[in-house]
Amino acid sequence: MVDTAGVLQYTSLDDKFAAGWQEIQSIGNAIFLPASTVATLQYNSTVAMALVVDISGVLNIYRNDSSDSAGWRPAETVGGATLQPGGNVVVFRQSPSVVTALTIDRFGVLN
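In this text, residue positions in the sequence shown follow the numbering used here: the first is 486, and each later residue adds one.
Below, the structure is given as structure tokens:
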């Protein structure tokens with residue numbers, strides 16, 4: 486989720502512990518439009534991904550590997566500032582080795 490300041494936020498629940506949902510934590514800086522949509526993908530048994538388009542129109546991909554304690558990694562960016570800021574992203578596994586993300590650019594073209 487992206488908060489009103491434009492910062493990506495997350496919370497988590499681990500059923501192995503009785504603590505319930507954890508406190509909301511920030512990932513990165515205020516580079517998103519408030520309430521931007523976030524697409525998520527369980528990449529494999531330990532890696533989760535979050536994809537969101539920033540205020541410049543660049544796709545940002547965050548990754549968390551639960552097999553280590555590094556937490557959410559800094560964003561990897563894909564492409565230039567051509568996408569619709571805060572635009573919807575759809576992500577899916579196209580085949581066992583291919584993950585595809587789709588969104589609309591500033592000109593209404595599917596990318």
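Where is the CB? At the ideal position from N, CA and C, for every residue including glycine.
No experiment lies behind these values; they were computed from the predicted model shown.
Comparing alpha-carbon positions, the option among Ile540, Gly593, Val584 lying closest to Gln527 turns out to be Val584. By the beta-carbon neighbour count (other beta carbons within 10 angstroms, threshold 16), Ala555 is exposed. DSSP, reduced to helix, strand and coil, places Asn545 within a strand of the structure shown. In this structure, DSSP gives Val492 a state outside helix and strand, which the three-state scheme calls coil. Its chain contains Asp550, Ser551, Ser552 as the residues whose beta carbon lies nearer than 7 Å to that of Thr531, once the 5 sequence neighbours on both sides are disregarded; these appear in chain order.
When the beta-carbon positions are compared, Gly542 and Gln569 come within less than 8 Å of each other.
With a threshold of 16 other beta carbon atoms within 10 Å, Leu595 falls short and is exposed. Per DSSP, Ile512 is one residue of the beta strand (DSSP E) stretching across 510 to 512.
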